[in-house]
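Asker: Residue numbers (numbering that gives the first Met the number 0), protein chains in the order written: chain B, 0 to 281; chain F, 0 to 98. Glycine residues also receive a C-beta, built at the ideal position from the N, C-alpha and C atoms. What follows is a structure written as structure tokens; I'll ask about it next.
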Amino acid sequence: MSTLAASAGSLTSVAAAASTTSTGEAVQFWVLGTVAVIGALSTILMKKAVHSALSLAATMIVLAVFYLANGAYFLGVVQIIVYTGAIMMLFLFVVMLVGVTAADSLKETLKGQRWLAALCGLGFGVLLIAGIGNASLDSFTGLGQANAGGNVEGLAALLFTKYVFAFEITGALLITASVGAMLLTHRERTERAKTQREMAEERVRKGTQLPPLPAPGVYARHNAVDIAGLLPDGTASELTVNKTLKARGQIRDVSNEAIADLKALERSSAERLGRDEEEVNS
Amino acid sequence: MNPVYYLYLASLLFTIGAAGVLIRRNAIVVFMCVELMLNACNLAFVTFSRMHGNLDGQIIAFFTMVVAAAEVVVGLAIIVSVFRSRHSASVDDASLMKL
């Protein structure tokens with residue numbers, strides 16, 4: 000143990016990767032480790048996917064700091080650039096495409112599945128941590144010697160000699176992935192798009208709605224596209240609003256408000272003219 | 000502080016990710032939990048690299064990152080195309096192969 004400490008002492012230039020850790024690293028571990036665990040927990044507990052993604056990004060940044068503390072300088076920077084920079088932003092883009100409001104339904108399809116899953120996770124964690132606790136992992140070599148010529152240079156020397164085939168196969172994997180992504184998200188049009196004339200003829204043949212669809216909004220009150228226009232009897236007309244907005248459930252309905260306003264107006268005018276309530280209601 | 004604590008943290012994060020995969024049903028969140036598990040493994044690899052004093056562990060972690068990036072690209076493309084055809088990102092709704 001003393002020789003180990005001496006060798007670590009001779010390589011104090013790479014203190015962060017030595018076999019013993021400083022008090023500063025301990026403080027950093029406990030503070031940032033707490034942040035990482037809280038971030039991971041809120042990733043699985045947050046109801047909305049956006050919040051989960053942001054929590055996961057926080058956890059990944061903390062992990063990047065831990066990589067730096069463990070002497071993996073290149074990986075720490077790559078973690079920030081690739082994971083939090085590229086992958087999490089890709090996640091956010093997909094959340095945006097799929098819809099921010101797409102929260103999980105809380106209804107259980109399998110009875111007791113959540114509790115069983117949490118129990119399984121707990122048992123697995125206890126098993127894993129007990130296994131690590133039982134293993135004799137007391138001696139630490141430290142990366143002082145391996146990082147002596149620079150971390151990036153050391154990684155490059157390994158990557159282009161011992162792992163060169165794995166590295167080249169990785170290139171094939173990346174090309175396959177990008178082609179696959181293009182293939183999966185590209186949509187081929189199976190039939191020809193209808194021309195304007197064909198659509199007009201179809202509309203005449205169908206005969207349900209010959210003139211253009213009525214405009215949304217209630218004159219002099221709202222003119223937003225998400226508010227259905229009102230029919231003469233005060234009910235909302237489904238024809239006036241966009242189909243997409245209707246499917247998303249983003250239509251505001253002001254018809255009840257308008258009817259209530261009308262009633263209040265009738266009541267106040269009745270009071271002013273001195274009629275009684277029964278007369279108005281009949 | 001013993002650097003073994005990094006391994007405890009890695010196993011804790013892996014466990015949380017695994018529980019998330021089992022519990023959540025939004026496909027995107029399930030995917031994020033898989034990413035969390037991969038990251039926990041990377042932390043363990045980096046710690047082992049420091050333990051043994053060579054850089055092989057960091058190389059493996061680097062390859063894990065590359066594979067994770069490729070996996071995310073294809074997986075998110077699949078989620079988007081499933082959402083397009085079924086208008087739902089829930090893993091319960093994609094049950095076409097169930098009898």
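Taking a contact to mean a Cβ-Cβ separation below 7 Å, would you say L74 (chain B) touches A69 (chain F) in this structure?
Answerer: Not in contact: L74 (chain B) and A69 (chain F) (Cβ atoms no closer than 7 Å).
Asker: What did DSSP end up calling A68 (chain F) once you bin it into helix, strand or coil?
Answerer: The answer is helix: DSSP assigns A68 (chain F) an H, G or I state.
Asker: Report the rounded CA-to-CA distance for A17 (chain F) versus A156 (chain B), giving the unit in angstroms.
Answerer: Going from the Cα of A17 (chain F) to the Cα of A156 (chain B) covers about 35 Å.
Asker: Check whether chain B comes within 7 Å of F82 (chain F), counting only Cβ atoms and requiring the distance to be less than that.
Answerer: Yes - at least one Cβ of chain B is within 7 Å of the one on F82 (chain F).
Asker: With a threshold of 6 Å on Cβ separation, who are the neighbours of V13 (chain B) within its own chain once the five nearest residues in sequence on each side are excluded?
Answerer: For V13 (chain B), the pLDDT reaches just 44, beneath the cut-off of 50, and the residue's location in the model is therefore unreliable, although a value from the coordinates is still provided. Cβ neighbours of V13 (chain B) beyond the five flanking positions: G143 and N146.
Asker: Can you tell me the Cα-Cα spacing of E270 (chain B) and E237 (chain B), whole angstroms?
Answerer: The alpha-carbon atoms of E270 (chain B) and E237 (chain B) are separated by roughly 35 Å.
Asker: Give me the Cα-Cα distance between A129 (chain B) and K110 (chain B), rounded to the nearest whole angstrom.
Answerer: Cα to Cα, A129 (chain B) sits roughly 30 Å from K110 (chain B).
Asker: Using a threshold of 7 Å, state whether the C-beta atoms of V79 (chain F) and A93 (chain F) are closer than that.
Answerer: Taking 7 Å as the Cβ cut-off, V79 (chain F) and A93 (chain F) do not qualify as a contacting pair.
Asker: Tell me, please, whether the stretch 57-69 of chain F touches the stretch 74-83 of chain B by the rule of three or more beta-carbon pairs shorter than 8 Å.
Answerer: Result yes; three or more Cβ-Cβ pairs closer than 8 Å.
Asker: Taking the beta carbon of F61 (chain F) as the centre, do at least 16 other beta carbons fall within 10 Å, making it buried, or is it exposed?
Answerer: Buried, since its Cβ has 16 or more Cβ neighbours within 10 Å.
Asker: Residues of chain F with CB closer than 9 Å to the CB of A249 (chain B), please, in chain order.
Answerer: The sequence shown places Gln at residue 249 (chain B), rather than the Ala named in the question. Per Cβ cutoff of 9 Å: no residues; Q249 (chain B) is ~15 Å from chain F at best.
Asker: Quick one: is G8 (chain B) buried, meaning 16 or more other Cβ sit within 10 Å of its Cβ, or exposed?
Answerer: For G8 (chain B), the predicted structure reports a pLDDT of 42, less than 50, and the residue's modelled location is therefore unreliable. A value from the coordinates is still provided. That one is exposed.
Asker: Starting from E34 (chain F), follow the alpha helix (DSSP H) in both directions and report where the run begins and ends.
Answerer: A26 to H51 is the span of the alpha helix (DSSP H), which, as asked, contains E34 (chain F).
Asker: Which stretch, first to last residue, makes up the alpha helix (DSSP H) that contains G38 (chain B)?
Answerer: Residues T22 to L44.
Asker: Taking 7 Å as the CB-CB limit, is S12 (chain B) close to chain F?
Answerer: Only weak support exists for where S12 (chain B) lies, its pLDDT of 39 falling under 50; the value from the coordinates is given anyway. Taking Cβ atoms only, chain F never reaches closer than 7 Å to S12 (chain B), which makes this a no.
Asker: What is the DSSP secondary structure of L229 (chain B), reduced to helix, strand or coil?
Answerer: If DSSP states are grouped into helix, strand and coil, L229 (chain B) belongs with the strands.
Asker: Can you tell which of B:Y72, B:G70, B:S41 and B:N69 has its C-alpha closest to the C-alpha of A57 (chain B)?
Answerer: Of the listed residues, the one whose Cα sits closest to A57 (chain B) is B:S41.
Asker: Counting only beta-carbon separations shorter than 7 Å, does T63 (chain F) have a partner in chain B?
Answerer: Answer no: the Cβ-Cβ gap between T63 (chain F) and chain B never drops below 7 Å.
Asker: Please classify A52 (chain B) as buried or exposed, where buried requires at least 16 neighbouring CB atoms within 10 angstroms.
Answerer: That one is buried.
Asker: Can you tell me the Cα-Cα spacing of F123 (chain B) and T108 (chain B), whole angstroms?
Answerer: Distance between the alpha carbons of F123 (chain B) and T108 (chain B) is about 24 Å.
Asker: For S135 (chain B), name the three-state secondary structure that DSSP assigns.
Answerer: Three-state DSSP puts S135 (chain B) in coil, outside helix and strand.
Asker: Which residues mark the beginning and the end of the alpha helix (DSSP H) in which T14 (chain F) is found?
Answerer: Note, T14 (chain F): alpha helix (DSSP H), V3 to I22.
Asker: Rounded to the nearest angstrom, what separates A227 (chain B) and T234 (chain B) at their Cα positions?
Answerer: The alpha-carbon atoms of A227 (chain B) and T234 (chain B) are separated by roughly 9 Å.
Asker: Kindly identify the DSSP beta-bridge partner or partners of A235 (chain B).
Answerer: DSSP output for A235 (chain B) lists B:L229 as bridge partner(s).
Asker: Inspect the beta-carbon positions of L11 (chain F) and A43 (chain F) and report whether they are closer than 7 Å.
Answerer: No, Cβ-Cβ distance for L11 (chain F) and A43 (chain F) is not below 7 Å.
Asker: Compare the beta carbon distance of R49 (chain F) and N150 (chain B) with 7 Å and say whether it is the shorter of the two.
Answerer: Result no, Cβ atoms of R49 (chain F) and N150 (chain B) do not sit closer than 7 Å.
Asker: Using only CA atoms, which one of F:A9, F:V3, F:L8 and F:L21 lies nearest to W114 (chain B)?
Answerer: Answer by Cα proximity: F:L21.
Asker: Shorter than 7 Å from the beta carbon of V3 (chain F) to some beta carbon of chain B?
Answerer: It does; some Cβ of chain B falls within 7 Å.
Asker: Does any C-beta atom of chain B lie closer than 7 Å to the C-beta of L6 (chain F)?
Answerer: It does; some Cβ of chain B falls within 7 Å.
Asker: So, does the CB of N69 (chain B) fall closer than 7 Å to a CB anywhere in chain F?
Answerer: Yes, contact with chain F.
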